[in-house]
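A.B. asks: Numbered according to this note's numbering, the sequence shown terminates at residue 1494, and the numbering increases by one at each position without gaps.
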Amino acid sequence: MEYKKVCMLGLGYIGLPTACMLAVEGLRVVGVDINPHVIETLRNGELHIHEVGLPDLVREALSSGNLTINTIPEIADAFIIAVPTPFIKDEQGEYQGMSYHLADMGAVTSASQSIVPYLRYGNLVILESTSPPRTTVDLVALILERSGLRAGVDFHLAYSPERVLPGQILRELIENARVIGGVNFASAQAGRDLYAHFVKGEILLTDATTAEMVKLMENTYRDVNIAIANEFARLAERFGVDVWEAINFANRHPRVKVLNPGPGVGGHCVSVDPWFFVEAAPELARLIHTARLVNDEQPHRTVELIRRALGGDLHGKHIAALGLAFKAEVDDLRESPAIEVAQLLARGGAKVRAFEPFKPGEQVEGIETVTSLEAALAEAEALVLLVNHKIFAMLSPKEVAQLTPARIVIDTRGQWDATAWQAAGFGVHRLGDGSVVRG
Ligand code: SAJ
């Protein structure tokens, strides 16, 4: 199939770069977002999100004239839905006394509805949003068929998950293998013809529900593996072992790859997607459910570690929190365990000053945020490393000692060399390190 015009619904971390890739490859692309702030920002030549290389790509796409931005869709050859599928905040399900989150499919539903008036015979519609199993056939197809056209007969419909890693989105969009699952084979082939405009990785064709499950399996696999790393950290603390050393040695085994423990699992992917399996089949997804709960407990465990490091009482303690992003080298603060830890510390009576280098001074409920490392350190009694941004990992303990009265550091990411910090006069506490000599 040949495509001249594509309508992209949702201009977030996935929709925007994908729209730009298609535009710079010569297709006409209408980028649609219901958020007027996003539209206004892009029309002013600015960006509402941070991703390496994205500003240049957006500029190129806009100046080519191929990318236009609007709040409503237009008639096009293909439609791609890349809107968020978070979980519902104030409602939970329960299975055998264990609660679980429910998917909020509101954005996918309304994006699908918004296409209906513009859908024409022969069009292709692709859902990219991470979704519970069977969403394409049981939800999106039914909405689109309100147009009077039949999925897989009058128009093509496919599911194709994005699998890019924040911080490396532009490279991975091109290089990663791309799975495309159609409601029939012709739909998958139609999807391949579209993505082949910019994807250099392998393109793998399957059915829609398999493609949905592939995506959920990937992030669930990661979540379960991080959960076991977090459990290893708890066990190491109990047995007087340094989990970081133990993991390093275990990973010398040719078939073992233990991931890193930390203050929790955040972002809007790994900490969300496994819930879709749990919600769909709680009686089957038992390990997945437990892993989610283990990872969700981790911010609380981290706060307990900090409380112990501070002699058992957080009240009135000045704490410098280093990093608020959900992981290293990104500016994304959504579902961030670092924020949860900082807020729990504040709720426990500590005076928290946080510095996030990728969003300096960004307002965060319940904590004070500052625009420089110096400001965070100035009156601190303890430093807590919450995100392993390079600029924190590379801090010189001797230089830090000049900038702060604090003499306690708590490393929740296994980044800092305990001996060097001890030599600079700090008492060192590390998550998962039962062997640390407390200073
Ligand atoms: N984390 C750990 N320990 C680790 C690795 C990660 O605690 O060893 C934490 C991070 O700090 C972060 C969270 O897990 O809070 C998630 O980070 P991540 O780097 O594992 O994943 P994301 O959410 O940035 O991106 C994931 C990727 N999925 C996989 O690696 C299987 C990416 O490829 C997906 O495209 C993305 O989810 C998505 O959009 O679904």
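Every residue, glycine too, gets a C-beta built ideally from N, C-alpha and C.
1. For my contact list, Ala-1397 and Ala-1383 are in at a C-beta cut-off of 8 Å; report their separation, rounded to the angstrom.
2. Return the first residue and the last residue of the beta strand (DSSP E) that Ala-1133 is part of.
3. Among Ser-1184, Phe-1304, Ala-1243 and Arg-1189, whose alpha-carbon lies nearest the alpha-carbon of Phe-1210?
4. When every heavy atom of the ligand SAJ is checked, does at least one fall within less than 7 Å of the C-beta of Arg-1277?
5. Tell me the rounded alpha-carbon separation between His-1003 and Trp-1299.
6. Do Phe-1134 and Cys-1062 come within 8 Å of each other at the CB atom, strictly closer than that value?
7. What first and last residue would you give for the beta strand (DSSP E) that runs through Thr-1123?
8. Excluding the 5 residues flanking Thr-1261 on each side, which residues of the same chain have their C-beta closer than 6 Å to its C-beta?
9. Does the Cβ of Ile-1135 lie closer than 7 Å to at least one heavy atom of the ligand SAJ?
10. When DSSP labels each residue in this structure, what does Glu-1149 get in the three-state scheme?
11. In the DSSP assignment, find the unbroken alpha helix (DSSP H) run with Arg-1247 in it and report its ends.
12. Considering Leu-1369, what are the terminal residues of the beta strand (DSSP E) in which it resides?
13. State yes or no: is the C-beta of Pro-1221 nearer than 7 Å to some heavy atom of the ligand SAJ?
14. Find the nearest neighbour of Gly-1065 within the set Leu-1204, Val-1079, Val-1093 and Leu-1109, judged by alpha-carbon distance.
15. What's the C-alpha gap between Lys-1406 and Met-1153?
16. Any idea if Ser-1215 is buried or exposed, counting beta-carbon neighbours within 10 angstroms, 16 or more meaning buried?
17. Let me know the secondary structure DSSP gives Lys-1059 once reduced to three states.
18. How do the region 1418-1432 and the region 1368-1380 stand: do at least 3 beta-carbon pairs fall below 8 Å, yes or no?
19. Are there 16 or more other CB atoms within 10 angstroms of the CB of Tyr-1576, so buried, or fewer, so exposed?
20. List in chain order: all unbroken beta strand (DSSP E) runs of 3+ residues lying wholly within the region 1367-1411.
21. Please go through the same chain and pick out, in chain order, the residues whose beta-carbon is closer than 8 Å to the beta-carbon of Tyr-1176, but skip the five residues on each side of it.
22. So what does DSSP say about Leu-1220, is it helix, strand or coil?
23. When the distance is taken between beta carbons, is Gly-1317 closer than 8 Å to Thr-1467?
24. For Lys-1270, which residues from the same chain have a beta carbon less than 6 Å from its beta carbon, with the 5 sequence-adjacent residues on both sides left out?
25. Would you kindly work out how many angstroms separate the C-alpha atoms of Pro-1496 and Ile-1446, rounded to a whole number?
26. Is Pro-1329 close to chain D? Criterion is C-beta to C-beta, closer than 8 Å.
27. How far does the alpha helix (DSSP H) with Asp-1328 in it reach, from first residue to last?
28. Go ahead and label Asp-1488 buried or exposed: buried means 16 or more other beta carbons lie within 10 angstroms of its beta carbon, across all protein chains shown.
29. Report, in whole angstroms, the separation of the C-beta atoms of Leu-1441 and Gly-1403, which I expect to be a contact under 8 Å.
30. Can you tell me which of the three DSSP states Gly-1482 falls into?
31. Go ahead and pull the three-state DSSP assignment for Phe-1210.
32. DSSP beta-bridge partners for Glu-1423?
33. Measuring alpha carbon to alpha carbon, tell me which of Leu-1290, His-1103 and Gln-1151 ends up nearest Glu-1338.
34. Comparing C-alpha positions only, which one of Ser-1167, Ala-1166, Leu-1290 and Ala-1282 sits nearest to Asn-1315?
35. Would you kindly check if the distance between the Cβ of Gly-1246 and the Cβ of Phe-1181 is under 8 Å?
36. May I ask you to check if the CB of Ala-1284 is nearer than 7 Å to at least one heavy atom of the ligand SAJ?
C.D. replies: Per the coordinate set shown:
1. Within the sequence shown, numbered from 1, the residue matching residue 1397 stands at position 342. Within the sequence shown, numbered from 1, the residue matching residue 1383 stands at position 328. With a Cβ gap of about 16 Å, Ala-1397 and Ala-1383 do not count as contacting.
2. Against the sequence shown, residue 1133 aligns to sequence position 78. For Ala-1133, the enclosing beta strand (DSSP E) begins and ends at 1133-1136.
3. Numbered from its first residue, the sequence shown carries residue 1210 at position 155. Closest by alpha carbon: Ala-1243.
4. For the purposes of this step, residue 1277 is taken as the residue at position 222 of the sequence shown. It does: the Cβ of Arg-1277 is within 7 Å (strictly closer) of some heavy atom of the ligand SAJ.
5. This structure cannot speak to residue 1003, because the chain is shown only from 1056 to 1494.
6. Here residue 1062 refers to the residue found at position 7 of the sequence shown. Here residue 1134 refers to the residue found at position 79 of the sequence shown. Yes.
7. For the purposes of this step, residue 1123 is identified with residue 68 of the sequence shown, where counting begins at 1. Counting along the chain, the beta strand (DSSP E) containing Thr-1123 begins and ends at 1122-1125.
8. Translated into positions along the sequence shown, residue 1261 becomes position 206. Taken in chain order, the residues that qualify are Gly-1236.
9. The residue labelled residue 1135 in the question sits at position 80 within the sequence shown. Answer for Ile-1135: no, Cβ out of range of the ligand SAJ.
10. In the sequence shown, counting from the first residue as 1, residue 1149 sits at position 94. If DSSP states are grouped into helix, strand and coil, Glu-1149 belongs with the strands.
11. Position 192 of the sequence shown holds residue 1247. Element bounds for Arg-1247: 1240-1250.
12. By 1-based counting over the sequence shown, the position of residue 1369 is 314. Here Leu-1369 belongs to no beta strand (DSSP E), and DSSP marks it neither H nor E.
13. Along the sequence shown, read from residue 1 onward, the residue named residue 1221 stands at position 166. The answer is yes for Pro-1221.
14. Counted from its first residue, the sequence shown places residue 1065 at position 10. Comparing Cα positions, the closest option is Val-1093.
15. On the sequence shown, residue 1406 is found 351 positions in, with the first residue counted as 1. On the sequence shown, residue 1153 is found 98 positions in, with the first residue counted as 1. Cα to Cα, the separation comes out at about 33 Å.
16. Indexing the sequence shown from 1 puts residue 1215 at position 160. The residue in question, Ser-1215, is buried, as its Cβ has 16 or more Cβ neighbours within 10 Å.
17. The count along the sequence shown starts at 1 and reaches residue 1059 at position 4. Note: Lys-1059 maps to coil in three-state DSSP.
18. yes
19. Nothing about residue 1576 can be read from this structure; the chain reaches only from 1056 to 1494.
20. 1373-1377 and 1406-1410
21. Taking the first residue of the sequence shown as position 1, residue 1176 is located at position 121. So the qualifying residues of the chain are Leu-1204, Asp-1209 and Phe-1210.
22. By 1-based counting over the sequence shown, the position of residue 1220 is 165. Looking at Leu-1220 - three-state DSSP - the assignment turns out to be coil, as it is neither helix nor strand.
23. The residue given as residue 1467 occupies position 412 in the sequence shown. The residue given as residue 1317 occupies position 262 in the sequence shown. The answer is yes: Cβ separation under 8 Å.
24. Numbered from 1 along the sequence shown, position 215 holds the residue referred to as residue 1270. Same-chain partners within the cutoff: Thr-1185 and Pro-1216.
25. Residue 1496 lies beyond the range of the chain shown here (1056 to 1494); nothing can be said about it.
26. Here chain D cannot be found, since the structure has a single protein chain.
27. Sequence index remark: in the sequence shown, residue 1328 carries index 273 (1-based). It spans 1328-1335 - the alpha helix (DSSP H) in which Asp-1328 sits, taken as one unbroken run.
28. The residue labelled residue 1488 in the question sits at position 433 within the sequence shown. That one is buried.
29. On the sequence shown, position 386 is the one that residue 1441 refers to. On the sequence shown, position 348 is the one that residue 1403 refers to. Taking 8 Å as the upper bound for CB-CB distance, Leu-1441 and Gly-1403 are not in contact here, some 15 Å apart.
30. Here residue 1482 refers to the residue found at position 427 of the sequence shown. Three-state result, Gly-1482: strand.
31. For the purposes of this step, residue 1210 is identified with residue 155 of the sequence shown, where counting begins at 1. The answer is strand: DSSP assigns Phe-1210 an E or B state.
32. Stepping through the sequence shown from its first residue, residue 1423 is reached at position 368. Arg-1408, per the DSSP bridge assignment.
33. By 1-based counting over the sequence shown, the position of residue 1338 is 283. Closest option to Glu-1338, Cα to Cα, is Gln-1151.
34. Start at 1 with the first residue of the sequence shown, and residue 1315 comes out as number 260. The shortest Cα separation from Asn-1315 among Ser-1167, Ala-1166, Leu-1290 and Ala-1282 belongs to Ala-1282.
35. As a first step, residue 1181 is located in the sequence shown; it is residue number 126 there, counting from the start. As a first step, residue 1246 is located in the sequence shown; it is residue number 191 there, counting from the start. The question names Phe, yet the displayed sequence has Ile at residue 1181. Result yes, Cβ atoms of Ile-1181 and Gly-1246 sit closer than 8 Å.
36. Locating residue 1284 in the sequence shown gives position 229, where the first residue counts as 1. Yes; taking the cut-off as 7 Å, the Cβ of Ala-1284 has a heavy atom of the ligand SAJ nearer than that.
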